[in-house]
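> Numbering (full-length UniProt numbering), first residue to last: 1 to 1280. Sharing a structure, written as structure tokens. Questions coming.
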């Protein structure tokens, strides 16, 4: 009472001198919003400024950085460690004014603190700041410090917390005089540098814990307790429920120990406010240990001998378990549902409580062990935890998690909520298996309250767990290595090597194996740094056939290690269901890190073998290793694989007269006009058009895939067929097939056949427009450089309303090195048979692993039974000079070309020399050979024509791109000239365009020109490969779609996604003008040029088009427009505040033109959808000012590509319509017309849609477009 009276008197006396300050020293830092470090720093900097304005002194010098930095500068400082003094201020408490004036303005105290302490301050006047302080204490110091401060009533503030370590804290409050505080500060500093236990257990200073240093009570005396005495009977009662036999009981006597204990008991009882702090407890130990205790008391050398494996009672720092931010630490004095803890059974004991306000309430709350538990089978081990909740239904789970990426989880116990038999703490007890795992306590219910205490893992008296059964194991140290093979023909090949040999091959390979941890151990290595490429794969096959039944569950365990400059790869584990059909199912996906990692998965019931596949998604150098593969019994239910599966390859010649599991149509596009069916030469409906024989055996009874076109014919008839099973694509894969086309048209090119990919990355792979293929033609084309599941579509599109015969045969999808013949087909009168053999095993134990790589190719041959055959081009036929382009140009252009050729024949003969030698695909061609071949180009050109032509860049294509469009100093467009000697228009183009002085000079000044001779088919295929590798699939598809008889062409490259093709149908004057326009567009892009169909553009631009500012018009709530908009939101709880119509004539006009363009191309007017786009209010205003632009893309991720995201469901878009806090939480959503056109499957790396597509989709409700010309916002909806 005297202290309070003294404070009141002083306050009353000083009120006449200056008023009590009622200003907070720091602004409020709200918990419900993220507060940056800069905002916290600025708030702390206000503290000394406002303090100086409020009191007659500036107070102690404060450290104004974060709390953790203050600790680094004080107790953790390696140069000059000192204690940390934390001043906690609270404006509204009566004692604050006195404490600040008499203590913090005391010159002696200020100077002493400055010389010997680091002082950090925080204003707890606002409740949000107080809660943030507790979180910082818990985060940076520990649970005991946080709990100690939380236990101080707020009306007892301010306090000075002196920190000697994270576990030793002394609190000085306003009840202590300035002189006493000064003395205590001196004592605390001395104790910081020379610790002693006296200061630690001084109850008047609110110490958080007692010293953990040893106190020695001296030797104790023993007195035998008579068995007939009450003492003995009382002791015996403790053991009455056991079968133990008491031999004797001895009473321990030690007056010094008793006196010390009674003082400590009085100290604790006074601190906690009651005398219920004492318990009668038991301590079992060895006889030798008990004698040691009797000689010198308990001391800390005896601790942890029989400690629990893991333990967390929340009275001290909990190092065995990790809690997320959904949990808070408190004691019974805190307003929680339980008024006492379980450990000490007191109101000041500590426990943790579920508090989603301290983190995200939508995230699963989690407590987990920090380290792995790897329990043996010699003793039973139990997990125990005490919990309390008053709610009958508040479920949480105890889960056992395995795998470094936490791939495998099983529920060990599921607790529904309150134990109905008790209103106190309830026990959870679980016997743990003898496996390696982590324990997770997970709660996915936002209900409260729920509290936990005394979480532990310890040995228990339960039945021993059953031993683990081993079905298979291999550490690559024994003959088990023979069980593994690396599947051949794939780019990457596995080898089993000793660690010491592996590091000779790959410097970054693991220097030791996992089994023994030394260089003598072996592991399976995938050394690919020499041949790394995006989309490449390698398969390691465990040939041992597994037969898992329902009687017992088994798990696959393995260690994997990925390493390299930067790791872009994936490991997958597949079931190989059938070696013959090569059916596989993925059971384990992961993204490995650059360290040894544990992978695990439960295995499904069935008979199969296992495949380990590693693939790369980048060209970064890396390698990969596996070790310690085992299959052991486990407590998980059998894995249930997805019903979807894939195949490694596909092959069908249709001779069994079935579709070979091929399906018509797809799940997104409209159904085809006519379906493909299997027919023979004898069963086709139109024998005049054919084919009358199959391609496989040249037989009238052999089957093939036939497009069964029927009357009435239209100009938009389509067909689509594909293998119904997904194929595991990789960059070393090719598609080989034979096709047949014959129609009644002549020189119309009215039938388009194509091959496209759809799945992880959609794109056209091959396309031909023709009327007559002149019989069966064979084609081999490479797939895209992605390792993923893909569906390949065989399409036909008929642009003329006439009868046509289209057929496919001998479809093979496999590795290119298997499909491409190893010998060249002879073109003499002798027919050469080419044989390829696909081996099934590859040695894994070679001293240096072998790698296989092959160049994909397109081979086109005419199939016939005659003895004299000649290899044709990959086109169906070879028309004269300009027949193939009559459909696009006026007749006078052909006449002009023919006349010019005839006239010039008298001057110099048409050159028939190739400008580059052939670069065969069957063998590796070095960069020097390619360079030498390119250097021949200008030399032979100069010898053949009256001018040397444009100055050429004679380096590789990728370097030409670096010198042109990617040049940071002087970027310019890249012009790629593609030559072909045997086409009639080549001579005209070379003479009139490439020898035109004006064009040559303009190209030399404004372009980089790169040239390639496609006269040889191998060179043409190598060009397509280079385009695919260095520019992208769209550029490769554009060039592949140009009939070879329309060469030469000039491909003008503005970016990797923008290409303009100029061919021989364009006059020199027109080409010159187009070159000027292209150059101007390169430096100042405009959308007009991008959508010129006549220039064979590959895609629409993904650059920004600016429609100008839009006007808003409020929609009346009584209008039909408003009601129609409201209907979109009828199934939600959203409250519509306003609907505004967006008006922009320029935008509307441009959108309508784009809609007409897309509808004409795809052949129907169903390209438009009404879709939703949720965004911030600020973003919507930006869109209204300048339209959608690409700075807005990828803000919320790129799961479906780098474009503009829309949804068919406003609830999905609502996720991204974040509330605008200044306007009271209002949200904005745009309702837009979007041209989705022809859509395809998505992929996160897409920066634009593939050739001939207009959008991507997730297949259900999300659509992504990449051109802002395809979007027209109609309404802006504001809602809550």
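Using N, Cα and C, we set each Cβ at its ideal position, and we do this for glycine too. None of the values given here were measured: they were computed from a predicted structure.
Which residue comes first and which comes last in the alpha helix (DSSP H) that contains residue 1162?
It spans 1145 to 1162 - the alpha helix (DSSP H) in which residue 1162 sits, taken as one unbroken run.
> Smallest Cα separation from residue 1050: which of 524, 1017, 973, 455?
Minimum Cα distance to residue 1050 is reached at 973.
> Since residue 559 contacts residue 483 with CB under 8 Å, what's their CB separation in whole angstroms?
The pair is not a contact, with the Cβ atoms about 17 Å apart (cut-off 8 Å).
> Taking C-alpha atoms, which residue in 105, 104, 28 lies nearest to residue 126?
When each option's Cα is compared against that of residue 126, the closest is 28.
> Can you tell me whether residue 998 is buried or exposed? The criterion is at least 16 other CB atoms within 10 Å of its CB, across all chains shown.
Exposed, because fewer than 16 other Cβ atoms sit within 10 Å of the Cβ of residue 998.
> Going by beta carbon distance, what residues of the same chain come within less than 7 Å of residue 700, once the five residues before and after it are set aside?
So the qualifying residues of the chain are 680, 681, 682, 692, 693.
> How is residue 695 classed by DSSP in three states: helix, strand or coil?
Three-state result, residue 695: coil.
> Report the option in 765, 1127, 1234, 1074 whose CA atom is closest to the CA atom of residue 1147.
That would be 1234, whose Cα lies nearest to the Cα of residue 1147.
> Suppose contacts are defined by Cβ-Cβ distances below 8 Å. Is residue 793 in contact with residue 720 by that definition?
Yes, these two residues count as a Cβ contact at 8 Å.
> At 4 residues or longer, and completely inside the UniProt domain "MAM" (310 to 462): list those alpha helix (DSSP H) runs for me, N to C.
Counting only runs of 4 or more, we get nothing.
> Assign residue 1279 to one of two classes, buried (16 or more other C-beta atoms within 10 Å of its C-beta) or exposed (fewer than that).
Buried is the call here.
> Quick one: using the 10 Å Cβ neighbour count with 16 as the cut-off for buried, is residue 1275 buried or exposed?
That one is buried.
> Taking a contact to mean a Cβ-Cβ separation below 8 Å, would you say residue 89 touches residue 114 in this structure?
Result no, Cβ atoms of residue 89 and residue 114 do not sit closer than 8 Å.
> What would DSSP say about residue 50, mapped onto helix, strand or coil?
Looking at residue 50 - three-state DSSP - the assignment turns out to be helix.
> By the 10 Å Cβ neighbour count, where 16 or more other Cβ atoms means buried, how is residue 746 classified, buried or exposed?
Exposed is the call here.
> With distance defined between alpha-carbon atoms, name the residue in 1277, 1260, 1254 nearest to residue 1268.
If we check each option's Cα against that of residue 1268, 1254 comes out closest.
> Rounding to the nearest angstrom, what Cα-Cα distance links residue 1277 and residue 790 in this structure?
In a straight line, the C-alpha of residue 1277 is about 40 Å away from that of residue 790.
> Could you spell out where the beta strand (DSSP E) holding residue 172 opens and where it closes?
Residue 172 -> beta strand (DSSP E) spans 168 to 173.
> From residue 102 to residue 178, what does the alpha carbon distance come to, in whole angstroms?
Approximately 7 Å, taken between the alpha carbons.
> Can you tell me the Cα-Cα spacing of residue 797 and residue 774, whole angstroms?
Distance between the alpha carbons of residue 797 and residue 774 is about 19 Å.
> Look up residue 494 in the DSSP assignment and say whether it is helix, strand or coil.
Three-state result, residue 494: coil.
> Just the Cα atoms here: how many angstroms apart are residue 417 and residue 441?
Rounded to whole angstroms, residue 417 to residue 441 spans 14 Å at the Cα level.
> With DSSP run on the structure shown, which of helix, strand or coil describes residue 247?
Reduced to three states, the DSSP call for residue 247 is coil.
> What does residue 611 pair with, by DSSP beta-bridge criteria?
Bridge partners of residue 611: 541, 574.
> Does the region 629 to 643 come within contact of the region 1118 to 1128, defined as at least 3 CB pairs closer than 8 Å?
No, the region 629 to 643 does not touch the region 1118 to 1128.
> Taking the C-alpha atoms as reference points, what is the distance between residue 1180 and residue 1110?
For residue 1180 and residue 1110, the distance between alpha carbons rounds to 11 Å.
> Could you check where the alpha helix (DSSP H) with residue 296 kicks off and where it finishes?
Run containing residue 296: 287 to 296, per the alpha helix (DSSP H) assignment.
> Quick one: residues in its chain with C-beta nearer than 6 Å to the C-beta of residue 716, no 5 flanking neighbours on either side, listed in chain order?
Closer than 6 Å at the Cβ level, and outside the excluded window around residue 716, lie 1163.
> Three or more beta-carbon pairs under 8 Å between the region 1026 to 1035 and the region 935 to 952, yes or no?
Too few Cβ pairs lie closer than 8 Å, so no.
> When DSSP labels each residue in this structure, what does residue 1123 get in the three-state scheme?
The answer is helix: DSSP assigns residue 1123 an H, G or I state.
> Touch check for the region 801 to 811 and the region 652 to 661: three-plus C-beta pairs under 8 Å?
Result yes; three or more Cβ-Cβ pairs closer than 8 Å.
> Out of curiosity, what's the CA-to-CA distance linking residue 413 and residue 397?
Taking the straight line from one Cα to the other gives about 6 Å.
> Give the DSSP bridge partners of residue 747, in chain order.
DSSP, once it has assigned bridges, lists no residue as partnering residue 747.
> Please classify residue 766: is it buried, with 16 or more other beta-carbons within 10 angstroms of its beta-carbon, or exposed?
When all chains shown are included, residue 766 counts as buried.
> Would you please state the rounded distance, in angstroms, between the beta carbons of residue 776 and residue 740? I believe it to be under 8 Å.
The Cβ separation is near 5 Å, so the contact holds.
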